[in-house]
Structure formats: structure tokens, C-alpha cells
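Participant: Take a look at this one; I'll ask things after.
Numbering (our numbering), first residue to last: 2 to 40.
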């Protein structure tokens, strides 16, 4: 390893199956009521 001369960033993505969002994010009625879907 070499000494770094400029700041660096580390990004981590932790994906899940979406089971916790079935009643909201994957529910078109819920999304539509909140204006989150294009008509």
C-alpha cells in the first residue's frame, strides 16, 4: 500500500429482498395515493 495524497471515499451497498416493502413500495395503490407514480 502507498500513502494516499488525496481524500478517498468508500461506498457500500447492502441489498435486500424487498420483503419489508411489499405493502408500500411494491403496492401501486399505496404509491399512487402518495403521488409517487406517473399517470
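Glycine included, C-beta positions come from ideal geometry on N, C-alpha and C.
Quick caveat: nothing in here was measured; it's all calculated off a predicted structure.
Put residue 21 into one of helix, strand or coil per three-state DSSP.
Facilitator: The sequence position of residue 21 within the chain shown is 20, counting from 1. Three-state DSSP puts residue 21 in a helix.
Participant: Grouping DSSP H, G and I as helix and E and B as strand, with all else coil, what is residue 4?
Facilitator: The sequence position of residue 4 within the chain shown is 3, counting from 1. In the structure shown, residue 4 sits in coil (DSSP, three-state: anything other than H, G, I, E or B).
Participant: The alpha helix (DSSP H) that contains residue 34, what's its start and end?
Facilitator: By one-based count along the chain shown, residue 34 stands at place 33. Counting along the chain, the alpha helix (DSSP H) containing residue 34 begins and ends at 29-34.
Participant: Can you tell me the Cα-Cα spacing of residue 21 and residue 28, whole angstroms?
Facilitator: On the chain shown, residue 21 is found 20 positions in, with the first residue counted as 1. On the chain shown, residue 28 is found 27 positions in, with the first residue counted as 1. Cα to Cα, residue 21 sits roughly 12 Å from residue 28.
Participant: Got a sec? Which residues, its chain only, sit under 8 Å from residue 32 by beta carbon, not counting five neighbours each side?
Facilitator: Against the chain shown, residue 32 aligns to sequence position 31. Hits under 8 Å: 25, 26, 38.
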